[in-house]
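Residue numbers (the numbering used here), protein chains in the order written: chain A, 12 to 533; chain B, 94 to 260. Beta carbons are placed, not taken as given, at the ideal position from N, Cα and C, and that holds for glycine. A short worksheet on the structure shown next.
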Ligand code: HEM
């Protein structure tokens, strides 16, 4: 049984609320990474517009932004507001993205790489925002400039004081142009590179978020931009101190700290937090199960498992065993999440093969080989008592099946439901169960990213290996349940039982009718 | 669920989201300076005096040196620390004592320090010592100043002219 974790429970409640209001498909919590990308797109497009009118000189910058904000409020002003608010929304989204990965324990083990590279990526986003505020060259820009300089001055890398640049008469266009270059080109390029690294160990990365979500977010951004247009402070005046500041707390949160702390302490805090977050995946580490193993005798190199692997751990290489196939499958052990999705992908995992001997498949999980899955399923089926027998397949990362306490129900928990060869369900139906209920992680929220998605596609006939036409679909039900969905799952099981009973009584009636007909005819 | 109801709930979610975004994008306001405060920045870039004066070498010493090195003067590179005290109405507000940087303590000292002070009229006095060979200040400056709220007063030192620039 899973231990009670208030953070995970809190997250699941939030997720549930979003499922009610958005439905599973559009639940923003399932698309936080791609939603952040969407906000970056808005930032990019609006940024390009702003750049066209922006004057990159110290004397002209402020005026050009004022022109956009006021004289051209209907387009330039809206673009400026979109640029600001989409950047802020990106931070909120990224923080939720981090929180989700943390709450669901998706940051350790084989996921360390995504987490580890996510932390500096967040800093790249934040520093990009900082230089953005600088460029407006209003009082806030000056404040950001002075205090960034103080932060830099505390480091032993620059000799002399950078802050001196912001004394009257000493601010040069050169410095300002450097900031412009960083914000407009240097930092975005670094960010794109960092994001590429961030998702490097994943496949089928969702870069574009669902259209409905993008549309809703855009309308919301637009509404905020019109209701509360982004405006500047008074122009930067080097002979005056910026006193009252409307700070963007998403980006400039460390600056007020400099008012009470020494620059070095602020550095230590930021470096400390960053370092701590980067080592979180090892506090404590999480063991990943043994990697998938390939049995070349059963592999024809079709590549389905390589395409299905959510973590890019499988590659196709030239055949080495002299078999007539062109390719063979190779697993990179260090990338393998040991989810077993590849077992479900392999057509050799067909449960009806090798009926009387060990079932060998092309790619298998050492901790729960497909042969054991078959024999265990047979065992569970034979242990189910009652008139209407239901077999529930689930996974080890969602609702704990052991807690189901319903008569006539047998349970089989796998590493991931993506591991289930469709023929296993057929096998169960043929071997004495009246119905199969498939559960596991909530839709859109598979612990191994694509397990339940591939499973659905296989059952719908959209992805190989498919569930055969002849399988009786009226006896198969899918209902996904997270840790907190026990009640709903029980209700579903009971409904399913009633449905199966009605199928059986219909079948009896039909049989009875046929017999009566025969008697009458006879 | 009813489609209209769903759109309504989504609208609520987006409103909360944009509420958070809009609010923290400018609030709470940060008051860097109180309404009655101004700021003084001390921005000194100055090479202090050498710790030891240059000394004419004796003929014996010169003879020991290779011919191309016989300049005749021995000038130890080490410079003095800089001791500076800025006071307002007789009360010290910035006091610094800084070693000359560099391996041989021979480089220019760079001080950049800001403090918040009450706006209004003050008597500004600066005392600076840049030589270990002199007891007491080598440079002083006194001036009445009137600081507007949020004004930035910069104190610099013109090494060539040997005087402070108050701006
Ligand atoms: C800076 C902006 C960021 C963007 C745009 C971003 C985007 C993404 C995307 C698109 C994915 C793949 C999602 C999928 O298709 O399943 C992902 C995965 C991930 N991200 Fe981020 N991310 C960002 C920052 C972060 C940060 C700051 C962290 C944590 C410190 C983080 C942690 C993770 C983790 C652990 C995964 C792996 C998810 C999995 O394996 O299922 N990300 N990110």
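The Cβ-Cβ distance between residue 359(A) and residue 371(A) falls below 9 Å. The ligand HEM has no heavy atom closer than 8 Å to the beta-carbon of residue 15(A).
According to the DSSP assignment, residue 30(A) belongs to the alpha helix (DSSP H) that extends over 17 to 37. Note on geometry: alpha-carbon atoms of residue 230(B) and residue 194(B) lie some 21 Å from one another.
Residue burial annotation: residue 152(B) is exposed, with fewer than 16 other C-beta atoms found within 10 angstroms of its C-beta.
Under DSSP, residue 400(A) shares a beta bridge with no residue.
Take the alpha-carbon of residue 459(A) and the one of residue 318(A): they are about 14 Å apart. With 16 or more neighbouring CB atoms inside 10 Å of its own CB, residue 132(B) falls in the buried class. Scanning chain B for C-beta atoms nearer than 7 Å to the C-beta of residue 361(A) yields nothing, as the closest lies near 40 Å away. Around the Cβ of residue 81(A), a 10 Å sphere holds fewer than 16 other Cβ atoms; the residue is exposed.
Excluding its 5 nearest sequence neighbours in each direction, residue 128(B) has C-beta neighbours in its own chain below 8 Å: 242, listed in chain order. For residue 252(A), the nearest CB of chain B lies under 9 Å from its own CB, placing it at the interface with that chain. Of all residues in the region 120 to 135 of chain B, only 120, 121, 122, 123, 124, 125, 126, 127, 128, 130, 131, 132, 134 come within less than 9 Å of chain A when Cβ atoms are compared, listed by chain position. Residue 457(A) is not a Cβ neighbour of residue 351(A), given a cutoff of 9 Å. Restricted to the region 433 to 459 of chain A, the beta strand (DSSP E) segments that are unbroken, complete and at least 3 residues in length are 446 to 449, listed in chain order. Remark: the shortest separation between the CB of residue 51(A) and any heavy atom of the ligand HEM falls under 8 Å. Residue state for residue 415(A) is assigned as coil, using DSSP reduced to three classes. At least 9 Å separates the beta-carbon of residue 150(A) from that of residue 72(A).
Contact of residue 108(B) with chain A is assigned, a C-beta pair being separated by under 9 Å.
Neighbours of residue 259(A) in chain B, taken as residues at a C-beta separation under 9 Å, are given in chain order as 117, 118, 119. Residue 344(A) sits exposed, since fewer than 16 C-beta atoms from the chains shown fall within 10 Å of its C-beta.
Taking CB atoms only, residue 227(A) has a neighbour in chain B less than 9 Å away. Judged by DSSP in its simplified three-state form, residue 358(A) adopts helix. Annotated as distal: residue 395(A) and residue 447(A), with beta-carbon spacing of 9 Å or more.
Look at residue 239(A): its C-beta is under 9 Å from a C-beta on chain B.
For residue 25(A), no chain B residue has a C-beta closer than 7 Å to its own C-beta; the minimum C-beta separation is roughly 11 Å. With a cutoff of 8 Å, residue 286(A) does not count as near the ligand HEM, since its C-beta is closer than that to no heavy atom of the ligand.
Only those residues of the region 227 to 249 of chain B whose C-beta falls short of 7 Å from the nearest C-beta of chain A are listed: 243, 244, 245, 247. Secondary structure note for residue 471(A): its alpha helix (DSSP H) is the uninterrupted segment 462 to 471. By the Cβ-count criterion, residue 400(A) is buried, with 16 or more other Cβ atoms from all chains shown falling within 10 Å of its own Cβ. According to the DSSP assignment, residue 235(B) belongs to the beta strand (DSSP E) that extends over 232 to 240.
For the region 426 to 446 of chain A, there are no residues whose beta carbon sits under 8 Å from a beta carbon of chain B. With the criterion set as a beta carbon lying under 9 Å from some beta carbon of chain A, the region 167 to 190 of chain B has no members that meet it. Its Cα nearest to that of residue 247(B), the residue 177(A) stands out among 154(A), 167(A), 177(A), 158(A).
The three-state reading of DSSP puts residue 246(A) in strand, counting E and B together. Per DSSP, the unbroken beta strand (DSSP E) holding residue 329(A) starts and ends at 325 to 329.
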